[in-house]
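Using this note's numbering, read the sequence shown as starting at 1253 and increasing by one per residue.
Using N, Cα and C, we set each Cβ at its ideal position, and we do this for glycine too.
Predicted, not measured: the structure shown is a model, and the values here were computed from it.
As structure tokens, the structure follows; a few thoughts come after it.
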Amino acid sequence: MKKYITTPIYYVNDVPHIGHAYTTIIADTAARYYRLKGYDVFFLTGTDEHGQKIEESAKKRGKTPKEYADEISSKFKELWDSFEISYDKFIRTTDPEHIRGVQKAFEKMYEKGDIYKDFYEGHYCISCEAFFPQSQLIEGEYCPDCGKETSIVKEESYFFKLSKYQDKLLKWYEENEEAILPKSKKNEVIRFVSEGLSDLSITRTSFDWGVKLPSSVGDPKHVMYVWLDALLNYVTALGYGNDESLMKYWPADYHLVGKDILRFHAVYWPAFLMSLDLPLPRHVAAHGWWTRNGEKMSKSKGNVVDPKEVAKAYGLDNFRYFLLREVPFGQDGDFSQRALIDRINSDLSNDLGNLLNRVIGMSGKYFDYKISGENLLKFHKEEISQTESLIAQLDPLASQMKWHRYLEEIWKILSIANKAIDVHAPWNKMKESKDEEAMATVALTANILAKSALLLYPIMPKSAEKIASALGFEINEESFEKYIEKSEILPDILIQKIPPLFPKIEAPLMQEKKESEKRRQETQETVSIDDFSKISIKTGTIVEATDIPKSKKLLKLKVDLGEDSPRQIVAGIKEDYSPSDLIGVQVCVVANLKPAKIMGILSEGMILAARDEKGLCLISPLRTVQNGTPVK
Ligand code: MSP
């Protein structure tokens, strides 16, 4: 019984953030879960190091691509090591074995007649390392995935006959109900494939930083398309094309990916595998994206969540719990310290931690920390059977990566124990000299906690181990088999006193970069009056305001600055103002800002506004002044 679980390999043009940590922690949870169930698990992660984007990032920093890749790749590895991520292999696409494996795969596809040479001309987004047909571009120019400008690339290229696999792919989705998880995402993929697949350009001549074609094909000016190189990591990590002894783990059981890269994994990758005559993965599981305090994370906004910082402030297990519990698998989620604190205080501290404290307290007070399960079934048969039937529902949830539901069910189990204590009140039973009954309720609680600890281990390994040690047992395959799979009751328990596991958190533990802080930073840097006078700010009246339907934030305005005709200005104010509020409003405009195209629309100035926690507020003169009056 084996399970092969993978994360995407991360681009080395960015340091690790919460999104990377999320994918990796889900994969780690699955790996730990299946190991505990006795599976032979192989868990792969690593870094994706080739391609134009990396080449350019390295150049900007005055480094060679390899130097740059070494530096960032080690940051990922260090983070996963400090998080005790239980990977079996960390692959780098610059590893010589990987490169050899990729070349072997290319050779095989070529010999099979699935690769041919032609010319490619199309819109390419460097940031996403992907071509897009004109029909998909925003305003005919901008990348539909990241919104950045695309460039037209015409070059000689080798093509993979993706079109040949269209029907086979559709058949695969149809015959494999759970090939794509969550199931709701499958329809998106089917729609994409049904619309028709064009052959895929899989080599580039416009840059060098990539895997060269195999010598049997020659053509040294070509390097491989980074996604072909990257996807193949899932088999080269097992020795494909080299020593293939680890290929026994293939096919992958779970490819964990973000929704943005589902198409690559659910369309291109299975087609490459069919061409290589290799079996297809059992599940490609796509999760949603995280935002921070409701906003998209970006380096320029300085709001990227650093997983190391969160784990340091709140504890790694608490962070892991939050990530998996807060968001249904496949949906987008929002990170805020408030939401994290709420989860810790209510779920972990109140429900779980408190239950353990109650067991420790009662067993110490009444039974000298020695608990026997002897009369458990006599008094609590019903509770035990409820617990067992909830446990029986967990495996299908885990196997579909529905960890939020899995945790929800465990919390139902915990509430059985909390309720039993309240209803049976062991302290009263002791007063009535019904010691046996009191002991049975404490034993029920200890058993429920023990089983919960085993089930929680994949998500919160350290905390689960601490609960287990307080209850005098160890978490391992054997105890999982006994107490979870065979539903056994723990024999006599010698309780160990331990400090509270989940202390309540009163106030945020991480400093948010506040607006005031940013402001202070800005005001510390002074400019001369000459510098300031270079900026021409003028008053003007908004005479027209229209929606830009494809944009969430932008409105197109016409502002009368007392010139021959009104200026066209694209302003990011849609979230705070609707077009009808704006007509006739007098505003302040930076009038000599270099014109720029935003989403393909010319913008000839910038409207001034202030932003605080309530949102954005346009700056307007206190009385109406003549349009075009300079602001000094
Ligand atoms: N190198 C490719 C993957 C190749 S796999 C053969 C890549 N790398 S990435 O570093 O850009 O992204 C890796 C993963 O991080 C993706 O699964 C992506 O969805 C995830 N995330 C990046 N930002 C994210 C959020 N803000 N939220 C959640 N996950 C996101 O793509």
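Review point. Whole alpha helix (DSSP H) runs in the segment 1552 to 1605 with 4 or more residues, listed along the chain?
Key: 1559 to 1566, 1568 to 1578, 1589 to 1594
Exercise for review: Below 8 Å on the Cβ atoms is my guess for Asp1451 versus Phe1516; work out the distance and round it to an integer in Å.
Suggested key: Working through the sequence shown from its first residue, we reach residue 1451 at position 199. Working through the sequence shown from its first residue, we reach residue 1516 at position 264. No, Asp1451 and Phe1516 are not in contact; Cβ-Cβ is about 16 Å, not under 8 Å.
Review point. What whole-angstrom Cβ distance do Ala1669 and Met1682 have, given they're in contact under 8 Å?
Key: In the sequence shown, counting from the first residue as 1, residue 1669 sits at position 417. In the sequence shown, counting from the first residue as 1, residue 1682 sits at position 430. In this structure Ala1669 is not in contact with Met1682, their Cβ atoms being roughly 18 Å apart against a cut-off of 8 Å.
**Study point:** Residue from Leu1514, Phe1384, Phe1371 with nearest C-alpha to Asn1439
**Key:** Along the sequence shown, read from residue 1 onward, the residue named residue 1439 stands at position 187. Of the listed residues, the one whose Cα sits closest to Asn1439 is Leu1514.
Check your understanding: Does DSSP classify Asp1300 as helix, strand or coil?
Key -> Here residue 1300 refers to the residue found at position 48 of the sequence shown. The answer is strand: DSSP assigns Asp1300 an E or B state.
Check your understanding: When every heavy atom of the ligand MSP is checked, does at least one fall within less than 8 Å of the C-beta of Phe1509?
Key -> In the sequence shown, counting from the first residue as 1, residue 1509 sits at position 257. For clarity, residue 1509 is Val in the given sequence; the question names Phe instead. Yes - the ligand MSP has a heavy atom lying nearer than 8 Å to the Cβ of Val1509.
Point to revise | Chain-order list of residues whose beta-carbon lies under 6 Å from that of Ala1823 (same chain, five-residue window excluded) | key: Here residue 1823 is taken as the residue at index 571 of the sequence shown, counted from 1. Leu1807, Leu1809, Ile1859, listed in sequence order.
Exercise for review: Please report the Cβ distance between Ser1588 and Asn1545, rounded to the nearest whole angstrom; I am assuming they are in contact, meaning their Cβ atoms lie under 8 Å.
Suggested key: Taking the sequence shown and counting its residues from 1, the one referred to as residue 1588 is at position 336. Taking the sequence shown and counting its residues from 1, the one referred to as residue 1545 is at position 293. Their Cβ separation, rounded to whole angstroms, is 5 Å, which keeps Ser1588 and Asn1545 in contact under 8 Å.
**Study point:** Candidates Asp1505, Gly1470, Glu1330, of which the one nearest Tyr1291 by Cα
**Key:** Position 39 of the sequence shown, counting from 1, holds the residue named residue 1291. Nearest option by C-alpha distance: Asp1505.
Point to revise | For Glu1730 and Leu1288, believed in contact at Cβ under 8 Å, the rounded distance | key: For the purposes of this step, residue 1288 is identified with residue 36 of the sequence shown, where counting begins at 1. For the purposes of this step, residue 1730 is identified with residue 478 of the sequence shown, where counting begins at 1. The C-beta distance from Leu1288 to Glu1730 rounds to 10 Å, too long to meet the 8 Å contact threshold.
Review point. Taking just the CA atoms, how far does Ala1705 sit from Lys1511?
Key: Looking up residue 1511 in the sequence shown gives position 259. Looking up residue 1705 in the sequence shown gives position 453. Using only the alpha carbons, I get a separation of about 31 Å.
Review point. Straight-line CA distance for Lys1849 to Ser1803?
Key: For the purposes of this step, residue 1849 is identified with residue 597 of the sequence shown, where counting begins at 1. For the purposes of this step, residue 1803 is identified with residue 551 of the sequence shown, where counting begins at 1. Each residue's Cα considered, the two are about 14 Å apart.
Practice item. Could you tell me the distance, in whole angstroms, from the CA atom of Leu1498 to the CA atom of Thr1488? Key: Stepping through the sequence shown from its first residue, residue 1498 is reached at position 246. Stepping through the sequence shown from its first residue, residue 1488 is reached at position 236. Those two C-alpha atoms are separated by around 10 Å.
Practice item. Return yes when the Cβ of Tyr1573 is within less than 9 Å of the Cβ of Ile1711, no when it is not. Key: The residue you call residue 1711 lines up with position 459 of the sequence shown. The residue you call residue 1573 lines up with position 321 of the sequence shown. Their beta carbons are under 9 Å apart, which means Ile1711 touches Tyr1573 by this criterion.
Check your understanding: When the Cα atoms are used, what is the spatial distance from Ile1787 to Glu1561?
Key -> Position 535 of the sequence shown, counting from 1, holds the residue named residue 1787. Position 309 of the sequence shown, counting from 1, holds the residue named residue 1561. Straight-line measurement puts the Cα of Glu1561 at about 39 Å from the Cα of Ile1787.
Check your understanding: Out of curiosity, what's the CA-to-CA distance linking Glu1578 and Ala1273?
Key -> Within the sequence shown, residue 1578 is the residue found at index 326, counting from 1. Within the sequence shown, residue 1273 is the residue found at index 21, counting from 1. The alpha-carbon atoms of Glu1578 and Ala1273 are separated by roughly 15 Å.
Review point. Quick one: what does DSSP say Ile1432 is sitting in, helix, strand or coil?
Key: Position 180 of the sequence shown, counted from the first residue, corresponds to residue 1432. In this structure, Ile1432 counts as strand in the three-state DSSP scheme.
Review point. What is the DSSP secondary structure of Gln1773, reduced to helix, strand or coil?
Key: Within the sequence shown, the letter at position 521 stands for residue 1773. Per-residue confidence for Gln1773 stands at a pLDDT of 47, beneath the threshold of 50, marking its modelled position as unreliable; no derived number is given.
Exercise for review: Enumerate, from N- to C-terminal direction, the unbroken alpha helix (DSSP H) stretches of 4 or more residues contained entirely within the segment 1782 to 1853.
Suggested key: 1831 to 1834
Review point. According to the neighbour-count rule (16 or more other Cβ atoms, all chains shown, within 10 Å of its Cβ), is Ile1277 buried or exposed?
Key: In the sequence shown, the residue the question calls residue 1277 occupies position 25. So Ile1277 ends up on the buried side.
**Study point:** Length at least 4, wholly inside the segment 1409 to 1486: the alpha helix (DSSP H) runs in chain order
**Key:** 1418 to 1427, 1435 to 1446, 1478 to 1483
Exercise for review: Using the Cα positions of Val1877 and Tyr1263, report the straight-line distance between them to the nearest angstrom.
Suggested key: Along the sequence shown, one-based indexing puts residue 1877 at 625. Along the sequence shown, one-based indexing puts residue 1263 at 11. Each residue's Cα considered, the two are about 53 Å apart.
Review point. Sorry if obvious, but does the Cβ on Ala1482 come closer than 8 Å to a heavy atom of the ligand MSP?
Key: Translated into the one-based positions of the sequence shown, residue 1482 becomes position 230. Yes.
Point to revise | 3 or more residues per run - each beta strand (DSSP E) lying fully within the segment 1675 to 1735 | key: none
**Study point:** Beta-carbon separation (whole angstroms), Leu1821 vs Cys1840, contact threshold 8 Å
**Key:** On the sequence shown, position 569 is the one that residue 1821 refers to. On the sequence shown, position 588 is the one that residue 1840 refers to. The sequence shown places Ile at residue 1821, rather than the Leu named in the question. Ile1821 to Cys1840, Cβ: 12 Å. No contact.
Exercise for review: Buried or exposed for Asp1744, please, with buried defined as at least 16 other CB atoms from any protein chain shown within 10 angstroms of its CB.
Suggested key: Here residue 1744 refers to the residue found at position 492 of the sequence shown. So Asp1744 ends up on the exposed side.
Check your understanding: Are Lys1826 and Asp1782 close, meaning C-beta to C-beta below 9 Å?
Key -> Counting from one through the sequence shown, the residue named residue 1826 turns up at place 574. Counting from one through the sequence shown, the residue named residue 1782 turns up at place 530. Taking 9 Å as the Cβ cut-off, Lys1826 and Asp1782 do not qualify as a contacting pair.
Review point. Between Met1614 and Val1694, which are expected to be in contact by the criterion C-beta below 8 Å, what is the C-beta distance as a whole number of angstroms?
Key: Start at 1 with the first residue of the sequence shown, and residue 1614 comes out as number 362. Start at 1 with the first residue of the sequence shown, and residue 1694 comes out as number 442. At roughly 5 Å, the Cβ-Cβ gap stays under 8 Å, so Met1614 and Val1694 are in contact.
Review point. In angstroms, rounded to a whole number, what distance separates the CA positions of Ser1832 and Glu1796?
Key: Taking the first residue of the sequence shown as 1, we reach residue 1832 at position 580. Taking the first residue of the sequence shown as 1, we reach residue 1796 at position 544. Pairing Ser1832 with Glu1796, the inter-Cα distance amounts to about 9 Å.
Practice item. Measure from the alpha carbon of Val1197 to the alpha carbon of each residue in Asp1603, Ser1415, Val1837, Phe1732, then state which is nearest. Key: As displayed, the chain neither begins before 1253 nor continues past 1884, which places residue 1197 out of reach and without an answer.
Review point. Going by the beta-carbon positions, is the gap between Arg1284 and Glu1430 smaller than 9 Å?
Key: On the sequence shown, position 32 is the one that residue 1284 refers to. On the sequence shown, position 178 is the one that residue 1430 refers to. A distance of 9 Å or more separates the beta carbons of Arg1284 and Glu1430.
**Study point:** Whether Ser1326 touches Phe1371 by CB criterion (9 Å)
**Key:** For this step, residue 1326 is matched to residue 74 along the sequence shown. For this step, residue 1371 is matched to residue 119 along the sequence shown. Contact flag unset, no.
Exercise for review: Would you give the residue range spanned by the beta strand (DSSP E) that Trp1542 belongs to?
Suggested key: As a working mapping, residue 1542 is identified with position 290 in the sequence shown. Where Trp1542 is concerned, the enclosing beta strand (DSSP E) stretches over 1542 to 1544.
Point to revise | Asp1471 to Lys1369 span [Cα, whole Å] | key: Looking up residue 1471 in the sequence shown gives position 219. Looking up residue 1369 in the sequence shown gives position 117. Cα to Cα, the separation comes out at about 11 Å.
Check your understanding: Just to confirm, does Thr1275 get its C-beta within under 8 Å of one of the non-hydrogen atoms of the ligand MSP?
Key -> In the sequence shown, residue 1275 corresponds to position 23, counting from 1. Result yes, Cβ under 8 Å from the ligand MSP.
Review point. Shortest alpha-carbon distance to Ser1467 belongs to which of Glu1661, Met1253, Lys1553, Ile1351?
Key: Stepping through the sequence shown from its first residue, residue 1467 is reached at position 215. Ranking Glu1661, Met1253, Lys1553, Ile1351 by Cα distance to Ser1467 puts Ile1351 first.
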